[in-house]
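Let me begin by presenting the structure, written as structure tokens, before commenting on it.
Residue numbers (our numbering): 750 to 822.
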């Protein structure tokens with residue numbers, strides 16, 4: 750399930766996933782759009798984003814940094 754949330758928010762998209770989960774993504778631009786601005790790149794709400802550096806801006810507040818967080822959708 751890919752979410753189309755314009756502001757890139759884990760809280761608004763109701764996503765927080767443990768580990769690495771490529772479906773735990775927030776698309777800020779339409780899926781087939783050409784990304785001209787780096788702020789339009791998708792961001793992630795899985796705990797792997799901390800290591801990969803592609804977390805949504807509110808990831809830590811919405812999901813915490815806890816590896817044991819549960820996935821909710």
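No residue lacks a Cβ here, since even glycine has one placed at the ideal position from N, Cα and C.
Please read all numbers here as calculations on a predicted model, not as lab measurements.
Quickly, what does DSSP pair residue i with across the bridge? List them, please.
{"i": "residue 795", "result": "766"}
{"i": "residue 804", "result": "793"}
Please classify residue i: does DSSP put it in a helix, a strand, or coil?
{"i": "residue 759", "result": "helix"}
{"i": "residue 810", "result": "helix"}
Can you round the beta-carbon distance between residue i and residue j to whole angstroms, since I take them to be within the 8 Å contact cut?
{"i": "residue 759", "j": "residue 775", "result": "7 Å"}
{"i": "residue 757", "j": "residue 805", "result": "5 Å"}
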